[in-house]
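Quick notes on the structure that follows.
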Amino acid sequence: MDLKKLFDETAAASADVKKLINAVTDEQSFVETDVFLRTETPLGAAVGEGVVGGFASVDGLRTAIFATNPKVLKGSVGKKAAEKIVRLVNNAVKCGAPVVAVIDSSGARFAEGTEAVSGYASILRAFADAYGQVPVITVNKGDNLGLLSYLAAYSDCCIGYDKSVTATASPLVIAAKAGVAAEQVGTAEANSRSGIYSFTVKNDGELKRGVSAVLSYLTDSVRESEDDPNRTIKKAADVRGLISEVFDAGSFTEMRALFGKEAVTGLARLDGNAVGVAAFDRAYDGGRLTADGAIKITELLNVCENAGLPVVYIVDCAGSAVDAAHEGATIREIGNMLYTCAAVDVAKVAVVTGKAIGLGYAAFADKSMCDYAAAWPDAEIGAVESVAAANLLYSSDIAASKNRKKAEEECAAKYSEENLSAAVSAAAGFIDNVIEPEFTRQYLINAVSAFAKR
């Protein structure tokens, strides 16, 4: 084959994909591998095997990056394309480089039959080997149909473009079986609500910022902070406001915001130290944990374990949700979360800002699960909420009262003061300290510094 023709065809076919890669990586840092690999197929030449990949730097960090090319046979994946991807991922693991995968693919190159499926299996195996050894970020830019959709489960972070479509099969097939419009299947919103996407972006510039932020937490655990470590925090209207007060200014990157909404998870910094954050939004059933919320926290813990990051719990959880229709899922997923809470070998510190009732205490503040736990003075810690306990213990008194609501409130307040208060819990040894809310930032900084692995 004429070299100039080969070069020109390859350059023309890969121009758009290289533009994307160059937008994410540092200027002129991309070193492409397997540049001219190609297969002649009945549908035309698979230029570059429909994959552009190599090594580049992202904010100075050496990174392996590849992107499937929708202009080459609709980004379909065949045996040699898989070999190209696997070689790059394996080399990334060898040199300890993060992997960034950008997918825009219609699925398998079905003309290759079982060879194409075998290629998919080798990709999934390579990502399984990489996950936990190096940071892995998957980006769904356009279509991600078929087996590559499962890469989200092998990733520390899965980013979706707002117009992307990710599904295990053709949306037309799924829609026909479900009796819905194909346009409703696999959308970015649907994948955000189901917890597949960590967050979405609208353009390549936003993708660059997202990739840079996530990699900075996962690979650069300590940075100089411009925020005052002794800054007192102000009263916040909601949990996200509290997070913005406690952690370094502007450092919180939220993950899976539309999924399991009672749990708020993400990555942030405390005096420059990268940490995972798991908090609770009492606006959703008092912060009671659902199966989805448990999955969300489990995913965060796995990311932190992979990167060796401490975890900070901001606890305001009244236990687990009561949902008869999903009781099995609740047991399974919360059980899996509890196992992960106990198994991950990273520092875990907690501050109870509201309620830590039942599961809320056992999972996120008990000394068998946490290295350090503090509570605000008005926190409630115990087996059951004060109102429920009052109706169990003082039911006759409440029933005999002329003002049952007032009697219930008084009995609940009495029970809370005698059994659930932070002071009672601290005196009994269930928490380490009772702190004033304005000093939460300082206490957490010191606790993370004391217990985080060096």
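Each residue of the sequence shown is one higher than the last, beginning at 112 in our numbering. Built from N, CA and C at the ideal position, the CB exists for glycine as well.
Given residue i as reference, the closest of the options once Cα atoms are compared
i: aspartate 254; options: Ala239, Ile270, Tyr265 and Ser266; result: Ile270
i: asparagine 202; options: Ala175, Lys182 and Glu528; result: Ala175
i: proline 209; options: Asp267, Thr401 and Ser217; result: Asp267
i: leucine 381; options: Ala347, Glu335, Asp396 and Lys372; result: Glu335
i: alanine 533; options: Ala523, Lys525, Gly419 and Gly465; result: Gly465
i: glutamate 549; options: Asn341, Val325, Thr330 and Val146; result: Asn341
i: threonine 311; options: Ser431, Phe370 and Asp339; result: Phe370
i: tyrosine 472; options: Ile492, Trp487 and Val200; result: Ile492
i: aspartate 127; options: Asp331, Ala178 and Lys525; result: Ala178
i: alanine 440; options: Ile406, Ala486, Gly469 and Ile468; result: Ile406
i: glycine 161; options: Ile132, Ser140 and Lys195; result: Lys195
i: glycine 189; options: Phe118, Ala222 and Lys115; result: Ala222
i: alanine 280; options: Ala510, Ser216 and Asn180; result: Ser216
i: arginine 552; options: Ile546, Asp489 and Val357; result: Val357
i: glutamate 151; options: Gly207, Gly306, Lys191 and Lys516; result: Lys191
i: aspartate 489; options: Ser527, Val333 and Gln244; result: Ser527
i: aspartate 403; options: Ile445, Thr249 and Lys288; result: Ile445
i: alanine 368; options: Gly377, Gly361 and Ala360; result: Gly377
i: tryptophan 487; options: Glu496, Ala293 and Ala467; result: Ala467
i: valine 213; options: Ser362, Tyr242, Leu259 and Arg320; result: Leu259
Bridge-paired residues (DSSP) for residue i
i: isoleucine 176; result: Gly165 and Val211
i: alanine 156; result: Glu151
i: glycine 271; result: Asn251 and Thr311
i: isoleucine 132; result: Paired residues: none, contrary to the question.
i: valine 495; result: DSSP, once it has assigned bridges, lists no residue as partnering valine 495.
i: tyrosine 483; result: Val460
i: alanine 390; result: Val375 and Ile425
i: asparagine 544; result: Ala485
i: valine 333; result: Asn384
i: leucine 256; result: Ala278
Endpoints, beta strand (DSSP E) assigned at residue i
i: asparagine 201; result: From DSSP, asparagine 201 is part of no beta strand (DSSP E) but of the alpha helix (DSSP H) over 190–206.
i: glycine 243; result: First-last for glycine 243: undefined, no H or E at that position.
i: valine 183; result: Unbroken run through valine 183: none, as it is neither H nor E.
i: alanine 219; result: Alanine 219 -> no beta strand (DSSP E), and no H or E assigned at all.
i: threonine 279; result: From DSSP, threonine 279 is part of no beta strand (DSSP E); its letter is neither H nor E.
i: alanine 142; result: Reading the sequence as shown, one finds valine at residue 142 and not alanine. 142–144 is the extent of the beta strand (DSSP E) around valine 142.
Chain-order list of residues whose beta-carbon lies under 6 Å from that of residue i (same chain, five-residue window excluded)
i: threonine 136; result: Ala167 and Val169
i: alanine 156; result: Arg149
i: serine 233; result: Ala193 and Val197
i: glutamate 143; result: Gly165
i: valine 375; result: Val350, Ala390 and Asp392
i: alanine 484; result: Ala461, Ala476, Ile542 and Asp543
i: glycine 397; result: Ala429
i: isoleucine 556; result: Pro340, Leu381 and Asp382
i: glutamate 120; result: Val158
i: glutamine 295; result: none
i: asparagine 328; result: Checking the sequence, you will find tyrosine at residue 328 rather than asparagine. Excluding positions up to five away in sequence, the list reads Leu378 and Ala385.
i: alanine 227; result: Gly189, Ala219 and Arg220
i: methionine 366; result: Ser309, Thr376 and Gly377
Residues near residue i by beta carbon distance below 8 Å, same chain, minus five either side
i: valine 455; result: Leu412, Asn413, Cys415, Glu416 and Val422
i: isoleucine 313; result: The sequence given here has lysine at residue 313, not isoleucine. Closer than 8 Å at the Cβ level, and outside the excluded window around lysine 313, lie Tyr272 and Asp273.
i: cysteine 481; result: Tyr424, Lys459, Val460, Ala461 and Phe475
i: leucine 353; result: Ile344, Ala347, Ala390, Ile425 and Thr464
i: glutamate 529; result: Val535
i: glycine 171; result: Asp137
i: alanine 239; result: Tyr265
i: alanine 537; result: Ala486, Asp543, Asn544 and Val545
Proximity test, Cβ basis, 7 Å: residue i and chain C
i: valine 375; result: Although the question refers to chain C, the structure presented lacks it and comprises just one protein chain.
Cβ neighbours of residue i in the same chain (closer than 7 Å, five flanking residues each side left out)
i: asparagine 302; result: Gly271, Thr277 and Tyr308
i: serine 512; result: Ala518
i: threonine 409; result: Asn447, Met448 and Thr451
i: lysine 182; result: Ala124 and Asp127
i: glycine 218; result: Ser187, Leu256 and Gly257
i: lysine 129; result: Val163
i: lysine 372; result: Asp392 and Tyr395
Segment limits, alpha helix (DSSP H) that includes residue i
i: glutamate 300; result: 299–304
i: valine 535; result: 533–538
i: valine 559; result: 551–562
i: alanine 286; result: 282–289
List, from N- to C-terminal side, the alpha helix (DSSP H) runs of 4 residues or more that fit wholly inside the segment 393–470. 402–418 and 438–454
Which runs of the beta strand (DSSP E) fall wholly inside the segment 340–386 and span at least 3 residues, in chain order? 364–366 and 374–381
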